[in-house]
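Below is one structure, written out as structure tokens; the observations come after it.
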Amino acid sequence: MRLIRSVQAIFIVFASYKEFRSVVYKRLGKIRILTSWIIKGQDCLYICIKDIEGGLIIQHGFSTIINAKKIGKNCHIYQQVTIGFNGTESPIIGDNVRICCGAKVIGGIHVGNNVVIGANAVVCKDIPDNVVVAGVPAKIIRNLQ
Numbered sequence: 001m002r003l004i005r006s007v008q009a010i011f012i013v014f015a016s017y018k019e020f021r022s023v024v025y026k027r028l029g030k031i032r033i034l035t036s037w038i039i040k041g042q043d044c045l046y047i048c049i050k051d052i053e054g055g056l057i058i059q060h061g062f063s064t065i066i067n068a069k070k071i072g073k074n075c076h077i078y079q080q081v082t083i084g085f086n087g088t089e090s091p092i093i094g095d096n097v098r099i100c101c102g103a104k105v106i107g108g109i110h111v112g113n114n115v116v117i118g119a120n121a122v123v124c125k126d127i128p129d130n131v132v133v134a135g136v137p138a139k140i141i142r143n144l145q
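Written as structure tokens, this is what we have:
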């Protein structure tokens with residue numbers, strides 16, 4: 001009975017959320033060619049990453065670009081976020097990171113664990129664990145310990 005409920009829940013999420021479908025298609029690799037034409041993913045969501053840990057949530061993935069070396073567990077990304085390379089390197093995102101609307105994470109930097117990146121922040125330098133950053137350029141505004 002649990003298996004049936006789990007399959008039903010996955011089907012409902014898959015059918016309802018374009019962002020979820022986009023992540024599933026990315027993880028399927030070449031097999032996605034067989035499924036992606038049936039139900040399309042988010043049109044304006046660009047995902048170019050090889051190492052995504054479990055628990056990635058893309059909330060309202062409109063106009064979102066994700067191009068990182070690695071994304072850790074339980075990362076929550078909102079709309080119009082850009083995670084990109086600076087011409088040579090891409091960022092590494094830690095576990096339990098929340099990246100708010102319009103934020104930019106650029107270059108070969110490391111974002112620590114348990115970090116909140118505020119709306120419209122521009123992150124170009126490493127961020128330690130357990131902090132909230134905001135602003136242009138992003139600065140630590142609060143410790144989470």
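If you count by the working numbering, then the sequence shown holds residues 1 to 145, one letter each, in order.
Glycine included, every Cβ here is placed at the ideal spot set by N, Cα and C.
message: Give me the residue from Ile83, Lys104 and Cys75 with the minimum Cα distance to Asn96.
response: To locate residue 96, count along the sequence shown from 1; it is residue 96. Comparing Cα positions, the closest option is Cys75.
- prompt: How is the beta strand (DSSP E) around Lys139 delimited, first residue to last?
  reply: Numbered from 1 along the sequence shown, position 139 holds the residue referred to as residue 139. First-last of the beta strand (DSSP E) with Lys139: Lys139 to Asn143.
Expected contact under 8 Å - CB spacing of Ile161 and Ile58 to nearest Å: Because residue 161 is not part of the residues shown, which for the chain are 1 to 145, the question remains open.
message: According to DSSP, Leu45 sits in a beta bridge with which residue or residues?
response: For the purposes of this step, residue 45 is identified with residue 45 of the sequence shown, where counting begins at 1. Thr64, per the DSSP bridge assignment.
query: Mind checking whether Gly87 and Ala103 have CB atoms under 9 Å apart?
result: Residue 87 sits at position 87 when you count from the first residue of the sequence shown. Residue 103 sits at position 103 when you count from the first residue of the sequence shown. Going by C-beta atoms, Gly87 is not nearer than 9 Å to Ala103.
message: Using 8 Å for Cβ pairs, my map puts Ile127 next to Gly112. What's the rounded Cβ distance?
response: Start at 1 with the first residue of the sequence shown, and residue 127 comes out as number 127. Start at 1 with the first residue of the sequence shown, and residue 112 comes out as number 112. About 5 Å; that satisfies the 8 Å criterion.
task: Assign Ile4 to one of three DSSP states: helix, strand, or coil.
output: Within the sequence shown, residue 4 is the residue found at index 4, counting from 1. The answer is helix: DSSP assigns Ile4 an H, G or I state.
task: Out of Val115, Val105 and Tyr78, point me to the one whose CA is closest to Asn67's CA.
output: Looking up residue 67 in the sequence shown gives position 67. Asn67 has its Cα closest to that of Val105, out of Val115, Val105 and Tyr78.
message: I need the straight-line Cα distance from His110 to Ser90, nearest angstrom please.
response: In the sequence shown, residue 110 corresponds to position 110, counting from 1. In the sequence shown, residue 90 corresponds to position 90, counting from 1. Using only the alpha carbons, I get a separation of about 9 Å.
- prompt: Between which two residues does the beta strand (DSSP E) carrying Gly84 extend?
  reply: Sequence index remark: in the sequence shown, residue 84 carries index 84 (1-based). Gly84 -> beta strand (DSSP E) spans Thr82 to Gly84.
field: For Asn114 and Lys70, the rounded distance between their alpha carbons
entry: Counting from one through the sequence shown, the residue named residue 70 turns up at place 70. Counting from one through the sequence shown, the residue named residue 114 turns up at place 114. Near 15 Å, if we compare the C-alpha coordinates of Asn114 and Lys70.
task: Measure the Cβ-Cβ separation of Cys100 and Val81 and say whether it is below 9 Å.
output: Position 100 of the sequence shown, counting from 1, holds the residue named residue 100. Position 81 of the sequence shown, counting from 1, holds the residue named residue 81. For Cys100 and Val81, yes; Cβs fall inside 9 Å.
- request: Can you tell me which of the three DSSP states Val136 falls into?
  value: Locating residue 136 in the sequence shown gives position 136, counting from the first residue. Looking at Val136 - three-state DSSP - the assignment turns out to be coil, as it is neither helix nor strand.
- request: Leaving aside the five residues before and after Ile52 along the sequence, list all residues of the same chain whose C-beta is less than 6 Å from its C-beta, in chain order.
  value: Translated into the one-based positions of the sequence shown, residue 52 becomes position 52. Excluding sequence neighbours, Ile52 sits near Ile71.
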